[in-house]
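Data block below; observations after.
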Amino acid sequence: MSNVDISNLSVAELEKLKGSIDSAIANRRDGELLSLREAIEDMVERSGFTLEEVIEIMQARPVKKRIVKAKYSNPNNPEQTWSGRGRKPGWVEEWISTGHDLNDCLIPE
Numbered sequence: 000m001s002n003v004d005i006s007n008l009s010v011a012e013l014e015k016l017k018g019s020i021d022s023a024i025a026n027r028r029d030g031e032l033l034s035l036r037e038a039i040e041d042m043v044e045r046s047g048f049t050l051e052e053v054i055e056i057m058q059a060r061p062v063k064k065r066i067v068k069a070k071y072s073n074p075n076n077p078e079q080t081w082s083g084r085g086r087k088p089g090w091v092e093e094w095i096s097t098g099h100d101l102n103d104c105l106i107p108e
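Taking numbering that gives the first Met the number 0, the leading residue of the sequence shown gets 0, the next gets one more, and so forth.
Below you can see the structure in the form of structure tokens.
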């Protein structure tokens, strides 16, 4: 990729450059969409299904999110739970910062 020093360009030159960039983006986008379409059509053809069947199933059934069982519960408010995954909720951060052990919050199995 070549570096273009735009700091010395006039407004007219910048506008012309912007137009060229917008055109290049549109062309690249169209090309990438066409490539993606061809790849999807190839996959569908190899699968033995029709594109309509694939689209229908994608629209009909949203992907189910797996529900993860809570592993920890707030001793001060048992309704607040955490699975142990992802970002720690505020009550967990507070519990740990006050010197408590997270294992004290474990929900018995």
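A virtual CB, placed ideally from N, CA and C, is assigned to each residue, including glycine.
If you're wondering where the values come from, they're calculated on a predicted model, not measured in any experiment.
- Taking the CA atoms as reference points, N75 sits about 11 Å from V91.
- In the three-state DSSP reduction, N73 falls in the strand class (E or B).
- In this structure, the CA atom of N73 is about 35 Å from the CA atom of R60.
- Between S46 and K68 a beta carbon distance of about 35 Å is seen, past the 8 Å cut, so the two are scored as non-contacting.
- In this structure, the straight-line span from the alpha carbon of L105 to that of K64 is close to 24 Å.
- In this structure, DSSP gives L8 a state outside helix and strand, which the three-state scheme calls coil.
- Boundaries of the alpha helix (DSSP H) harbouring I54: L50 to A59, taken from the DSSP string.
- Following the DSSP letters along the chain, one finds V91 inside the alpha helix (DSSP H) bounded by residues G89 to S96.
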